[in-house]
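K.L.:
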Amino acid sequence: IDALIRTKFDLVLMDCQMPVVDGFEATQKIRELEKTTGLHIPIIALTANAFEEDRKRCLAVGMDAYLSKPLRREQLVVLLKQYLAPAA
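All residue numbers for the sequence shown refer to the numbering used here, where the first residue is 1099 and numbers rise by one.
1. Could you give the residue range of the alpha helix (DSSP H) that holds I1176?
2. Quick one: what's M1062 bridged to in DSSP?
3. Going by beta carbon distance, what residues of the same chain come within less than 7 angstroms of R1170, once the five residues before and after it are set aside?
4. Which of the three DSSP states is assigned to L1165 in this structure?
5. Helix or strand or just coil, what does DSSP make of A1158?
6. Less than 7 angstroms between C-beta atoms, sequence neighbours within five positions excluded: which residues of the same chain meet that for T1125?
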């Protein structure tokens, strides 16, 4: 979160199971910061949890997309193209 304050990022790949602040709490903090900046940073969840309820939880806290491990490169490429597409 501190890095997002200091540096502009086009996208975040969010690990949902980080040790100090998990990806869910981090996403909520990022979304709160966005309210002050007016910007939106796409957040793609990356998690070993592959159940539908896990996907729903990720989206409910404000993540834009969800990928479960093992990660398939094709899935990542599709999402990167979607969220990093140049503005028309």
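Positions of the beta carbon are idealized from the N, C-alpha and C atoms, including for glycine.
P.N.:
Let me lay it out:
1. By one-based count along the sequence shown, residue 1176 stands at place 78. Just to set this straight, residue 1176 is Val in the shown sequence, not Ile. Annotation for V1176: the continuous alpha helix (DSSP H) segment containing it runs R1171 to Y1181.
2. The chain is shown only over 1099 to 1186; residue 1062 falls outside these bounds and no answer can be derived.
3. By one-based count along the sequence shown, residue 1170 stands at place 72. Excluding positions up to five away in sequence, the list is empty.
4. To locate residue 1165, count along the sequence shown from 1; it is residue 67. Correct three-state label for L1165: strand.
5. Taking the sequence shown and counting its residues from 1, the one referred to as residue 1158 is at position 60. Looking at A1158 - three-state DSSP - the assignment turns out to be helix.
6. Within the sequence shown, residue 1125 is the residue found at index 27, counting from 1. Same-chain partners within the cutoff: M1112, I1141, V1159, G1160 and M1161.
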